[in-house]
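*Asks:* Structure below; questions to follow.
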Amino acid sequence: MTDITAIHAKYARLIDTSDSLSRLDDIRVSALGRKGEISMMMRGLGEMTLDEKKVMGPALNGLKNDIAALIETRKTALENEALNKALASETLDMSLPVNIGMGTLHPVQQVMEEITVIFSDTGFSVVEGPDIEDDFHNFTALNFPPDHPARDMHDTFFMVPDETESGKDVKRQTGKHTSEQKVLRTHTSPVQIRTMINRKPPIRIIAPGRTYRCDSDQTHTPMFHQVEGLAIDGDIHMGHLKGCLINFVSAFFENDVDVRFRPHHFPFTEPSAEMDVRYERVGSEIRIGQGDKWMEILGCGMVHPDVLRACNLNPDEHQGFAFGMGVDRLAMLKYGIPDLRDMFAADTRWLAHYGFSPLLQANLATGLS
Ligand code: DAH
């Protein structure tokens, strides 16, 4: 019996003076664990006489329950102590300045807005078309003949045919595609078609948006951005096209920019041209406007009569010009961004560096900048 009283006192003292949850757990193991002192004593009951058991059984049970209760009480106290300590050290300083980490506008978004502001100043409105297009709008109506290599040159992403569609496996094996298959639009030119079919001339629109080609290297990403332009009326000629684009580049680069138009071929325009801007390299910097080198920045031309006809317009009554430019390239040139692929890597450090404040509007064309 004295043994039990002494053991009780020993553990009561240890529990009372334990100063951490881990120390308390050590004590629990040494008393009540499988090989703990009290557990071993209880195991000894089996070898006692009946009379001894009658006395020692309840006494040991009482000891075990008492110690378990003491441990539980101490545990709660230690947990409360830890919580209070944490609360005391984690005070919130309400007087600190707010830092909500405002996001930035991606340079592509910024440049699209700049382009929109410039063209809306000269009477163009903005329209949009779907990213998933059909063969008619992306190719056929734009005068790409069936099976013409120009369709391959676009490195088109074809949508996987419906699983239930018969002949699917044949298409996959041969790599042949059907005109029913939808595509990710390879350019913004299909928006021209949608606009001419749905609106009556006079038409003056630009169509900014995402475009896709199965191409990836230092200067190409599978997703990129273009802005399409279209003007249709009764007496539009190449002079209007040139004037419109010369005005655009000077406003965009905020500088007098020397340009040249080079003959080119696109199925949907005739005549077709590419526009180059003069530039020079100073160290690693590219300066647009003057210099002895030329850089191509867009394609353009007079809308092909076949395209007008595909949109139910009579080429004898209406004609016009169209152009298409790569927005990502323009953003890189204007804001000195060296690598195209970084543009879409979603790195917040890059965005913090090259991004624009959403509170500053693109207002260069209005002369307010
Ligand atoms: N769609 C052409 C491309 O992605 C760009 C283009 C060229 C658009 C001439 C036009 C145009 O509207 O007239 O390469």
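For what it's worth, numbering that gives the first Met the number 0 labels the leading residue of the sequence shown as 0, then goes sequentially. Every residue, glycine too, gets a C-beta built ideally from N, C-alpha and C.
For K63, which residues of its own chain have a beta-carbon under 6 Å away from its beta-carbon, when the five flanking residues on both sides are left out?
*Replies:* Excluding positions up to five away in sequence, the list reads I37.
*Asks:* In this structure, does DSSP put Q109 in helix, strand or coil?
*Replies:* Here Q109 sits in helix by DSSP.
*Asks:* Please check the pair M301 and D275, which I expect to be a contact at CB under 8 Å, by giving their CB distance rounded to whole angstroms.
*Replies:* That belief does not hold up - the Cβ atoms of M301 and D275 are roughly 19 Å apart, past 8 Å.
*Asks:* With DSSP collapsed to three states, give me the class of H224.
*Replies:* In this structure, H224 counts as strand in the three-state DSSP scheme.
*Asks:* Return yes when the C-beta of Q318 is under 7 Å from any heavy atom of ligand 1, and no when it is not.
*Replies:* For ligand 1, not one heavy atom lies less than 7 Å from the Cβ of Q318.
*Asks:* Would you identify the three-state DSSP class for E316, choosing helix, strand or coil?
*Replies:* Coil, per DSSP.
*Asks:* Quick one: give me the first and last residue of the beta strand (DSSP E) that I287 is part of.
*Replies:* Taken as a continuous stretch (DSSP letters only), the beta strand (DSSP E) holding I287 covers 284–287.
*Asks:* Counting Cβ pairs closer than 8 Å, one from the segment 130–148 and one from the segment 185–193, do we hit at least three?
*Replies:* Result yes; three or more Cβ-Cβ pairs closer than 8 Å.
*Asks:* How is T144 classed by DSSP in three states: helix, strand or coil?
*Replies:* According to the sequence provided, residue 144 is Pro. The question's Thr does not apply to it. It is coil, neither helix nor strand.
*Asks:* Which residue or residues does DSSP assign as beta-bridge partners of W349?
*Replies:* Paired residue(s): none; W349 is not in a bridge.
*Asks:* Classify P337 as buried or exposed, calling it buried when 16 or more other Cβ atoms lie within 10 Å of its own Cβ.
*Replies:* It counts as exposed.
*Asks:* With a CB to CB cut of under 6 Å and the five nearest residues on each side skipped, what residues in its chain are close to V182?
*Replies:* Cβ neighbours of V182 beyond the five flanking positions: E132, N137, T155, F157.
*Asks:* Cβ atoms of H303 and N142: under 8 Å apart, would you say?
*Replies:* Yes; because the gap between Cβ atoms is below 8 Å, this pair is in contact.
*Asks:* Taking only the alpha-carbon atoms, compute the straight-line gap between G288 and G282 and give it to the nearest angstrom.
*Replies:* Near 16 Å, if we compare the C-alpha coordinates of G282 and G288.
*Asks:* Identify the residues that DSSP records as bridge partners of S36: which are they?
*Replies:* Just to set this straight, residue 36 is Glu in the shown sequence, not Ser. Bridge partners of E36: none, in fact.
*Asks:* Short of 7 Å in beta carbon distance, which residues of its chain neighbour T194, apart from the five on each side in sequence? Order them along the chain.
*Replies:* Only V126, I202, I204, L229 meet the Cβ criterion.
*Asks:* Count the CB pairs spanning the segment 219–235 and the segment 317–328 that are closer than 8 Å, and state whether there are at least three.
*Replies:* In short, these stretches touch, since the Cβ pair count reaches three.
*Asks:* Assign S215 to one of two classes, buried (16 or more other C-beta atoms within 10 Å of its C-beta) or exposed (fewer than that).
*Replies:* S215 should be labelled exposed.
*Asks:* Assuming contact is defined by CB atoms lying nearer than 8 Å, are P148 and Y334 in contact in what I supplied?
*Replies:* In this structure, Y334 does not lie closer than 8 Å to P148 by Cβ.
*Asks:* Which residues share a DSSP beta bridge with A321?
*Replies:* Paired residue(s): L229, G300.
*Asks:* Just to check my reading of the structure: T185 and Y211 have Cβ atoms closer than 8 Å, yes? What is that Cβ distance to the nearest angstrom?
*Replies:* Right, their Cβ atoms sit about 7 Å apart.
*Asks:* Restricting to Cα atoms, I'd like to know which of Q318, I114, D2 is closest to L59.
*Replies:* Of the listed residues, the one whose Cα sits closest to L59 is D2.
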